[in-house]
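Student: Numbering (the working numbering), first residue to last: 181 to 662.
Yeah, the Cβ is synthetic: ideal placement off N, Cα and C, and Gly gets one too.
Attaching a single structure in structure tokens format; questions to follow.
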Ligand code: ADP
């Protein structure tokens, strides 16, 4: 699987492998150089000492055999190979080759250390010896034939010392091996650490993935724990917030759906009664009552009454759906409240007089300017006043009172009607809610009047309040900006 975990681990491993290999190579080369340099320096000084010794032996005039033994002893003690070479490149002495075999040795004129010594007095080389086995380091020194002009080593021109590098190489290889082991240990450590780090990164992502799967399946009740304040923590917080928002939105949508179907059911129910009645009266008329002068007018009047009721209901329905869908725009302006209220009270005077009720308007001021949508407020107040007249008994007193408080105007509509039981008070502003269904129908209520009034008043950034006492009366109250 090309998971983040594997990718992170692989990156760590490759990177560490590259770094370790590079460091290993550099350090092993440096170590090799260091050791070889040390050996080279040693050989150089030994070549110098040796040339002095040979020179001394020659000076003293030792015979060749003794000088050779002497040189053999030095070579043994110093664990070196000593070779003396003449100006033509032929070996005239070699501590590692018996004198009898000297003639079989190749000419050394073209050996790199000899070529170099010829040019620069001293030369060196590392290679596998052709004469003895093993990797050797050679240092050759040019000596002036004039200094050694003795019968022991006639034509001696190069003194060459060589040492076997096997031991040094063994040490270097051991160091390399240790570096390799250390590198491996580091790699294993990196592998472990990288897997841990990768898991720390990928685990929350896996969790987030699982959560999103759940969200997709519609399960919004899950919450991811926020374990860090880094980018992943922030992501988790965001996803949690998103789920909360989604949950709230869905709940709201569901609620809306419920409200809508409830509303539809209510509307159908409300429409059914007047339509049935209307149909019933029309059917009776069609069945012959139309020709009966004693009843035909009454049936037509009743049919008209229900058609009228249907009209009122439809108007209220259209009104409330326009308000609730946001289609109805308010237009706020300053207007004179008192004249509007006087007019409104006048509009209800007829209906009140019929029930011998009194409607009075009370205010300390003659003119009051308020901010609002005049027509809509008239509609809201009209619905409240209409209820007061409709539900109050005969000879009840209805009062519209205006009070000026600091910065606002309070409007109260009170009646001395039957009052509303407190259990109904919180619900009377709901659509189609009626305390007494039969009574509401009887007086021509639609159950929408207060719902419409509440919407309008709330659109004015205000709230409608109701207080009521059974048998005493009801007061509706709201404030407007002045
Ligand atoms: P309706 O069309 O039935 O009057 P409303 O929304 O206007 O609908 O009022 C809801 C209910 O509140 C009414 O059915 C009635 O029972 C009650 N109500 C409203 N105003 C008054 C009032 N002034 N006195 C007594 N009851 C009232």
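When we look at the beta-carbon of residue 243 and count the other beta-carbons within 10 Å, is it buried (16 or more) or exposed?
Tutor: Within the chain shown, numbered from 1, the residue matching residue 243 stands at position 63. With fewer than 16 Cβ atoms within 10 Å of its Cβ, residue 243 is classed as exposed.
Student: Suppose contacts are defined by Cβ-Cβ distances below 8 Å. Is residue 589 in contact with residue 544 by that definition?
Tutor: Working through the chain shown from its first residue, we reach residue 589 at position 409. Working through the chain shown from its first residue, we reach residue 544 at position 364. No, Cβ-Cβ distance for residue 589 and residue 544 is not below 8 Å.
Student: For a test of the three-state rule: what should DSSP assign to residue 657, helix, strand or coil?
Tutor: For the purposes of this step, residue 657 is identified with residue 477 of the chain shown, where counting begins at 1. Looking at residue 657 - three-state DSSP - the assignment turns out to be strand.
Student: Check whether the stretch 340 to 351 touches the stretch 256 to 264, taking contact to mean three or more Cβ pairs, one atom from each stretch, closer than 8 Å.
Tutor: Yes, the stretch 340 to 351 is in contact with the stretch 256 to 264.
Student: Apply the 10 Å Cβ neighbour rule to residue 506 and answer buried if 16 or more other Cβ atoms are within range, or exposed otherwise.
Tutor: By 1-based counting over the chain shown, the position of residue 506 is 326. With fewer than 16 Cβ atoms within 10 Å of its Cβ, residue 506 is classed as exposed.
Student: By DSSP, does residue 215 sit in helix, in strand, or in coil?
Tutor: Within the chain shown, the letter at position 35 stands for residue 215. Residue 215: helix per DSSP, three-state reduction.
Student: Hey, residue 319 and residue 223: beta-carbon distance below 8 Å or not?
Tutor: Along the chain shown, read from residue 1 onward, the residue named residue 319 stands at position 139. Along the chain shown, read from residue 1 onward, the residue named residue 223 stands at position 43. Yes. Within cutoff.
Student: For residue 579 versus residue 542, is the C-beta distance shorter than 8 Å?
Tutor: As a first step, residue 579 is located in the chain shown; it is residue number 399 there, counting from the start. As a first step, residue 542 is located in the chain shown; it is residue number 362 there, counting from the start. Yes, Cβ-Cβ distance for residue 579 and residue 542 is below 8 Å.
Student: Spatial neighbours of residue 352 within its chain, please: CB distance less than 8 Å, with the 5 preceding and 5 following residues excluded, ordered by chain position.
Tutor: Sequence index remark: in the chain shown, residue 352 carries index 172 (1-based). 208, 211, 212, 215.
Student: Going by C-alpha to C-alpha distance, which of 302, 567, 554, 576 sits closest to residue 537?
Tutor: Looking up residue 537 in the chain shown gives position 357. It is 576 whose Cα lies nearest to the Cα of residue 537.
Student: Roughly how far, in whole angstroms, is the beta-carbon of residue 192 from the beta-carbon of residue 370, given that I think they are within contact range, below 8 Å?
Tutor: The residue you call residue 192 lines up with position 12 of the chain shown. The residue you call residue 370 lines up with position 190 of the chain shown. Confirmed, about 5 Å.
Student: Would residue 514 be called buried (16 or more neighbouring beta carbons within 10 Å of its own) or exposed?
Tutor: Working through the chain shown from its first residue, we reach residue 514 at position 334. Exposed: under 16 other Cβ atoms inside 10 Å.
Student: Tell me which same chain residues have a C-beta within less than 7 Å of the C-beta of residue 669, skipping the five on either side of it?
Tutor: The question about residue 669 has no answer here: the residues shown for the chain are numbered 181 through 662.
Student: So who's on the other strand from residue 165, going by DSSP bridges?
Tutor: Residue 165 lies beyond the residue range present for the chain, which begins at 181 and ends at 662; the question has no answer from this structure.
Student: With a threshold of 7 Å (Cβ to nearest heavy atom), would residue 568 be considered close to ligand 1?
Tutor: Residue 568 sits at position 388 when you count from the first residue of the chain shown. Yes - ligand 1 has a heavy atom lying nearer than 7 Å to the Cβ of residue 568.
Student: Would you mind listing the beta strand (DSSP E) stretches within the stretch 218 to 290 that are 3+ residues and don't spill past its ends, in chain order?
Tutor: Entirely contained in the stretch 218 to 290, the beta strand (DSSP E) runs reaching 3 residues are, in chain order, 261 to 266, 271 to 274.
Student: Please confirm whether residue 279 and residue 255 have their CB atoms less than 8 Å apart.
Tutor: Here residue 279 refers to the residue found at position 99 of the chain shown. Here residue 255 refers to the residue found at position 75 of the chain shown. No, these two residues do not count as a Cβ contact at 8 Å.
Student: Could you tell me whether the Cβ atoms of residue 611 and residue 633 are closer together than 8 Å?
Tutor: Position 431 of the chain shown, counted from the start, is the residue given in the question as residue 611. Position 453 of the chain shown, counted from the start, is the residue given in the question as residue 633. Going by C-beta atoms, residue 611 is not nearer than 8 Å to residue 633.
Student: Excluding sequence positions up to five away, which residues of its chain have a Cβ less than 6 Å from the Cβ of residue 334?
Tutor: In the chain shown, the residue the question calls residue 334 occupies position 154. Answer for residue 334: no residue qualifies.
Student: Using beta-carbon positions only, say whether residue 599 and residue 540 come within less than 8 Å of one another.
Tutor: In the chain shown, residue 599 corresponds to position 419, counting from 1. In the chain shown, residue 540 corresponds to position 360, counting from 1. Against a cut-off of 8 Å, the Cβ pair of residue 540 and residue 599 comes out as no contact.
Student: Decide if residue 572 is buried, meaning its Cβ has at least 16 other Cβ atoms within 10 Å, or exposed.
Tutor: Translated into the one-based positions of the chain shown, residue 572 becomes position 392. Answer is buried; the Cβ neighbour count reaches 16.
Student: Between residue 447 and residue 497, is the Cβ-Cβ spacing less than 8 Å?
Tutor: Taking the chain shown and counting its residues from 1, the one referred to as residue 447 is at position 267. Taking the chain shown and counting its residues from 1, the one referred to as residue 497 is at position 317. Closer than 8 Å, so yes.
Student: Look up residue 315 in the DSSP assignment and give the residues it is bridged to.
Tutor: For this step, residue 315 is matched to residue 135 along the chain shown. According to DSSP, which records beta bridges pairwise, residue 315 is partnered with 308.
Student: Please state whether DSSP places residue 645 in a helix, a strand or coil.
Tutor: Numbered from its first residue, the chain shown carries residue 645 at position 465. Looking at residue 645 - three-state DSSP - the assignment turns out to be strand.
Student: To the nearest angstrom, report how far apart residue 520 and residue 554 are at their CA atoms.
Tutor: Working through the chain shown from its first residue, we reach residue 520 at position 340. Working through the chain shown from its first residue, we reach residue 554 at position 374. Cα-Cα distance, rounded: 8 Å.
Student: Considering only their Cβ atoms, is the gap separating residue 275 from residue 251 smaller than 8 Å?
Tutor: As a first step, residue 251 is located in the chain shown; it is residue number 71 there, counting from the start. As a first step, residue 275 is located in the chain shown; it is residue number 95 there, counting from the start. Taking 8 Å as the Cβ cut-off, residue 251 and residue 275 qualify as a contacting pair.
Student: Quick check: what's the CA-CA separation for residue 726 versus residue 344?
Tutor: Residue 726 cannot be examined here, being either before or after the span of the chain that is shown, 181 to 662.
Student: If you measure between the beta carbons of residue 483 and residue 466, is that distance less than 8 Å?
Tutor: Counting from one through the chain shown, the residue named residue 483 turns up at place 303. Counting from one through the chain shown, the residue named residue 466 turns up at place 286. No; because the gap between Cβ atoms is not below 8 Å, this pair is not in contact.
Student: Where residue 638 and residue 547 are concerned, what is the direct C-alpha to C-alpha distance, given to the nearest angstrom?
Tutor: Sequence index remark: in the chain shown, residue 638 carries index 458 (1-based). Sequence index remark: in the chain shown, residue 547 carries index 367 (1-based). If I take the Cα positions, the gap works out to 24 Å.
Student: Helix, strand or coil for residue 455? Go by DSSP, reduced to three states.
Tutor: For the purposes of this step, residue 455 is identified with residue 275 of the chain shown, where counting begins at 1. Helix at residue 455.
Student: Which of helix, strand or coil does DSSP assign to residue 505?
Tutor: Position 325 of the chain shown, counting from 1, holds the residue named residue 505. Looking at residue 505 - three-state DSSP - the assignment turns out to be coil, as it is neither helix nor strand.
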